[in-house]
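Taking the numbering used here, the leading residue of the sequence shown gets 400, the next gets one more, and so forth.
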Amino acid sequence: MIITICSTKGGVGKTTLTASLGAILADFGRRVLLVDADPQPTLSSFFSLAHQAEYGLVEFLVQTESSGFISRTEIERLDLIYSNDPEGQLRDWIRDAVDGRVRLKHLLNRLDYDVILVDTQGAVGPLQDAAVAAADLLLTPIPPKFFPPVNSSGAPSTCSNV
Ligand SMILES: Nc1ncnc2c1ncn2[C@@H]1O[C@H](COP(=O)(O)OP(=O)(O)OP(=O)(O)O)[C@@H](O)[C@H]1O
Ligand SMILES: [Mg+2]
């Protein structure tokens, strides 16, 4: 199963959710692959690596390398394709390639994992489109927000009269 964690908003907890879910599922005995599809590679450095692969997401997607792109974290059964696209060039490549938005799905479906978790950047764009198209399931974290109480006239109360 491929699960993409996405939101058009930044800083809502996507990477934390991706990493936590990955570690928990691996702990439960699932073989899990984390895919860092954010040019700011927070997920790539979330866990210490037992083995750092030669290639990352760019080679996996653009050159369709058949090996050498799976890094292993120090957590058993938890692997990673790290992000190596600091300039965000994958966005343009995906936009301009004929199969740009579906290639990630086809390539990930070839891999033998119980669960693949794709972390994305909090924005819209071709790389996010590709990650959404690849997914069997989408997860969107929504941070809790406290709304001000409403007064008798139906207007929100100010802090002073709460
Ligand atoms: N459930 C949570 N409770 C409290 N803090 C959280 C929770 N999830 C994430 N955070 C904190 O919120 C901040 C943003 O989290 P995170 O980096 O996971 O968000 P993000 O959506 O991946 O951000 P970005 O869009 O920049 O990639 C971090 O400091 C993280 O520790
Ligand atoms: Mg993030």
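In this text, a Cβ means the ideal position worked out from N, Cα and C, and glycines have one as well. For clarity, every value in this text was computed on a predicted model and none was experimentally measured.
Item	Value
Say yes only if the C-beta of Gly521 is nearer than 8 Å to one or more non-hydrogen atoms of ligand 1, and no if none qualify.	yes
If we ignore side chains and look at the alpha-carbon of each, how far apart do Asp528 and Leu537 end up?	12 Å
The beta strand (DSSP E) spanning Leu503 covers which residue range?	From DSSP, Leu503 is part of no beta strand (DSSP E) but of the alpha helix (DSSP H) over Gly499 to Asn508.
How is Ala449 classed by DSSP in three states: helix, strand or coil?	strand
Taking three-plus beta-carbon pairs below 8 Å as touching, is the stretch 442 to 461 in contact with the stretch 476 to 485?	yes
With distances taken between CB atoms, is the gap from Leu448 to Leu516 smaller than 9 Å?	no
For Ala529 and chain B, any beta-carbon pair shorter than 9 Å?	Annotation note: the requested chain B is absent from the structure, which comprises a single protein chain.
In the DSSP assignment, find the beta strand (DSSP E) that holds Ala436 and state where it starts and stops.	Val431 to Ala436
Can you name the start and end residues of the alpha helix (DSSP H) that Leu424 belongs to?	Lys413 to Asp426
Name the two residues that bound the continuous beta strand (DSSP E) containing Leu477.	Leu477 to Ile480
Give the secondary structure of Asn560 by DSSP, where H, G and I count as helix, E and B as strand, and everything else as coil.	Any answer about Asn560 is weak, because its pLDDT of 43 lies below 50 and its placement is not dependable; what the coordinates show is given next. Helix.
Looking at the unbroken alpha helix (DSSP H) that takes in Ile493, where does it start and where does it end?	Gln488 to Asp495
Hey, would you say the C-beta of Asp435 is under 8 Å away from at least one heavy atom of ligand 1?	no
Measuring alpha carbon to alpha carbon, tell me which of Val549, Val514, Pro542 and Phe546 ends up nearest Ser406.	Pro542
Please check the pair Gly487 and Pro438, which I expect to be a contact at CB under 8 Å, by giving their CB distance rounded to whole angstroms.	4 Å
Just how far apart, CA to CA, sit Phe468 and Phe445?	17 Å
Does the beta carbon of Ser551 fall short of 8 Å from some heavy atom of ligand 1?	no
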